[in-house]
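Chains as they are written, first to last, in this note's numbering: chain Y, 9 to 181; chain B, 9 to 181.
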């Protein structure tokens with residue numbers, strides 16, 4: 009739990025350091041098609057704070073497997089972030105994360121609690137421990153995504169170095 | 009140039025926010041075999057500040073293609089970082105990056121300068137513009153790597169959610 013919250017508490021400042029104040033071209037850049045920009049990603053993380061992690065944790069503690077999770081809306085940010093600025097989204101994400109980490113702490117979860125089960129609408133039975141680990145990995149997934157989206161704007165500009173840059177070549181190794 | 013330095017100036021604080029003060033288990037974690045930990049990555053970035061980006065830019069401006077770049081030592085950090093702490097590496101990286109961005113500014117590069125050519129020992133002819141774009145993408149590549157290394161420590165802990173987490177499943181899409 010301490011390990012997990014060490015990452016969870018850092019994500020807002022990591023993303024803040026990475027994107028706040030960047031020129032608009034970077035903030036709105038994506039990887040083509042319906043892929044997401046850094047702006048879209050912050051909105052998605054806000055949605056997670058509002059409707060996913062802590063609400064699902066409470067559902068597991070209150071109802072176990074009897075009541076499946078609400079389906080998470082992966083596209084909500086395209087409505088919710090309309091007209092917003094990046095700094096205001098970053099501020100909101102940081103505030104919600106702070107509140108949710110306080111909420112998590114106030115649950116005083118025991119090892120037994122972490123083994124309690126809930127029901128994911130698509131994945132089936134999951135534990136509270138898995139939910140919290142996923143919260144952490146999901147943060148890092150989106151930090152990775154924002155770095156990748158930014159780097160790929162230079163896919164051509166790097167010239168022959170493309171071969172060495174896994175972030176551009178798409179090779180994760 | 010302004011776009012590039014916007015990212016370059018942010019990388020030290022991004023990595024600082026992501027890893028400073030994390031429990032040792034996270035800092036030393038890697039992806040198995042001879043893959044790198046967050047600690048190794050910061051040492052590698054320091055090495056780049058010392059021997060790669062600005063020294064190569066100066067070589068291009070002073071000697072063009074006549075004098076190939078020194079080969080970059082990708083493993084130097086395994087000697088240089090011995091006995092160091094993560095906070096001291098983060099401080100050093102931030103200080104070197106600050107100095108190098110000042111050095112870059114003091115070169116007053118024109119569009120013509122950016123088109124000047126140098127010789128990479130393996131890749132052949134490259135331009136100063138490509139070198140600077142690679143500096144940016146290389147930063148982001150390693151921010152991505154650190155996020156991925158951290159997330160993969162939870163490969164098993166996330167349970168069935170593994171299918172949805174590209175950072176763990178290895179699917180970049």
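C-beta: ideal position from N, C-alpha, C; glycine also.
With respect to the C-alpha of residue 98 of chain B, the residue from B:117, B:118, B:9 and B:18 having the closest C-alpha is B:18. The region 127 to 146 of chain B and the region 64 to 71 of chain B touch, with no fewer than 3 CB-CB distances between them shorter than 8 Å. Of all residues in the region 34 to 65 of chain B, only 34 come within less than 8 Å of chain Y when Cβ atoms are compared, listed by chain position.
In the DSSP secondary-structure assignment, residue 127 of chain B is bridged to B:133. When only Cα atoms are considered, residue 85 of chain Y and residue 29 of chain Y end up about 20 Å apart. By alpha-carbon distance to residue 59 of chain B, the top candidate from B:11, B:45, B:82 and B:152 is B:82. In the structure shown, residue 149 of chain Y adopts helical secondary structure according to DSSP, grouped into three states.
Remark: fewer than three beta-carbon pairs, one from each stretch, lie closer than 8 Å, so the region 106 to 113 of chain Y and the region 143 to 150 of chain B are not flagged as touching. Here residue 48 of chain Y is buried, its C-beta having at least 16 other C-beta atoms within 10 Å. In this structure, the beta-carbon distance from residue 65 of chain B to residue 139 of chain B falls below 8 Å. Distance between residue 10 of chain Y and residue 22 of chain B, taken at the CA atoms: about 21 Å.
Assigned with DSSP and collapsed to three states, residue 117 of chain B falls in coil, not helix or strand. Not a single C-beta of chain Y is nearer than 8 Å to the C-beta of residue 87 of chain B. Annotation: the region 46 to 130 of chain Y contains the following complete segments of the beta strand (DSSP E) (minimum length 3 residues), in chain order: 125 to 128. At a C-beta separation below 7 Å, residue 152 of chain Y has these neighbours in chain B: 152, 155, 156 and 175.
About 15 Å separates the beta carbons of residue 146 of chain Y and residue 26 of chain B, which is beyond the 8 Å limit, so they are not a contact pair.
Using beta-carbon distances, residue 105 of chain Y does not count as an interface residue toward chain B, since no partner is under 8 Å. Collapsing the DSSP output to three states places residue 10 of chain B in a helix.
Identification of residues in the region 11 to 28 of chain B having a C-beta nearer than 9 Å to some C-beta of chain Y yields 11, 12, 14, 15, 18, 19, 20, 21, 22, 23, 24, 25, 26, 27 and 28, given in sequence order.
Residue 93 of chain B has a beta carbon lying at 8 Å or more from every beta carbon in chain Y. In chain Y, no part has a C-beta under 8 Å from the C-beta of residue 78 of chain B; the shortest such distance is about 16 Å. A direct Cα-to-Cα measurement between residue 39 of chain Y and residue 46 of chain B gives close to 26 Å. Membership of residue 178 of chain B in any alpha helix (DSSP H) is not indicated, and neither H nor E is assigned to it by DSSP. Annotated three-state conformation of residue 162 of chain Y is coil, per DSSP. Of the candidates B:162, B:177, B:137 and B:154, the residue whose Cα lies closest to the Cα of residue 164 of chain Y is B:137.
Just measuring C-alpha positions, the residue of B:166, B:79 and B:108 sitting nearest residue 123 of chain Y is B:166.
No Cβ of chain Y is located within less than 8 Å of the beta carbon of residue 100 of chain B. For residue 81 of chain B, not one C-beta of chain Y is nearer than 8 Å to its own C-beta.
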